[in-house]
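In the numbering used here, the protein residues as written are 267 to 478.
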């Protein structure tokens, strides 16, 4: 099942160990929900009505990643968590993130209401409708996502193994002449066994925004 990255409350960034060992692996094939929904973290407590129109767009990981690390490093140096910072510092922090997300609207007119983050070896298409459906449900009208290739990793998959058997059987009949009877047979059976393979792994993060 897909697991979310560690939550930083309302810090709205990911963590310095974003691509390190503390990032939870996601076996998305075991999930009945989308990876976006399975790893969604709310960043706003304000109840929002569902939206009808949602825009989905991408931002490069090369642009976003250094900003996330800088914001996380800034939070790590503070004696107070970011949600307890003065309003002006929190607004500046949000404006920095929105700039990294290439959101040109004034920061005061944008609420960051949630985030999804996961890594996976499965195929994920942000434009397939699942991300937009979750955004509408949560009240977002803009989602900005980014992806990064992490390299090769081991993956367990279920592979079919088919076995074939054939032979013959003979027996004495039960009729009065007690004739010997003979029949040839062949049969197949298939079982599923776990196999370890090498697969490409990607990291995804998406920010759910509500523009005013």
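Glycine included, C-beta positions come from ideal geometry on N, C-alpha and C.
For residue i, which residues of its own chain have a beta-carbon under 8 Å away from its beta-carbon, when the five flanking residues on both sides are left out?
| i | result |
| --- | --- |
| residue 380 | 306, 307, 308, 309, 310, 404, 406, 473, 474 |
| residue 356 | 348, 349 |
Using 10 angstroms around the beta-carbon of residue i, count the other beta-carbons present and answer buried if the total reaches 16, otherwise exposed.
| i | result |
| --- | --- |
| residue 428 | exposed |
| residue 469 | buried |
| residue 387 | buried |
| residue 316 | exposed |
| residue 332 | exposed |
| residue 378 | buried |
| residue 385 | buried |
| residue 409 | buried |
| residue 301 | buried |
| residue 447 | exposed |
| residue 246 | In the structure as shown, the chain begins at 267 and stops at 478. Residue 246 is therefore absent and cannot be evaluated. |
| residue 467 | buried |
| residue 353 | exposed |
| residue 398 | buried |
| residue 339 | exposed |
| residue 346 | exposed |
Need the endpoints of the alpha helix (DSSP H) that residue i sits in, please.
| i | result |
| --- | --- |
| residue 343 | 327-343 |
| residue 318 | Careful: residue 318 lies outside any alpha helix (DSSP H) and carries neither H nor E. |
| residue 304 | 301-304 |
Grab the span of the beta strand (DSSP E) containing residue i for me, first residue to last.
| i | result |
| --- | --- |
| residue 362 | Note, residue 362: premise wrong, no beta strand (DSSP E); alpha helix (DSSP H) at 353-366. |
Tell me, which residues are paired with residue i by DSSP?
| i | result |
| --- | --- |
| residue 417 | 467 |
| residue 458 | 426 |
| residue 376 | 477 |
| residue 312 | Per DSSP, none; premise fails for residue 312. |
| residue 408 | 321, 475 |
| residue 450 | 434 |
| residue 480 | Past the boundaries of the shown model lies residue 480; the chain is included only from 267 to 478, so the question cannot be answered. |
| residue 370 | None; residue 370 has no bridge partner. |
| residue 307 | 381 |
Between residue i and the rest of its own chain, which residues show a CB-CB distance below 6 Å, the 5 nearest in sequence each way excluded?
| i | result |
| --- | --- |
| residue 471 | 383, 412 |
| residue 330 | 366, 412 |
| residue 360 | 373 |
Sorted by chain position, which residues of the same chain lie with C-beta nearer than 7 Å to residue i's C-beta, five sequence neighbours on each side aside?
| i | result |
| --- | --- |
| residue 375 | 477, 478 |
| residue 420 | 462, 464 |
| residue 319 | 407 |
What do you reckon, is the C-beta of residue i under 7 Å from a heavy atom of the ligand HEM?
| i | result |
| --- | --- |
| residue 308 | Among the components modelled here there is no ligand, and therefore nothing to report on the ligand HEM. |
Report yes or no: do the stretch 449-465 and the stretch 362-376 share at least 3 C-beta pairs separated by less than 8 Å? no
Inspect the CB distances between the stretch 382-402 and the stretch 322-340 and report whether three or more fall short of 8 Å. yes
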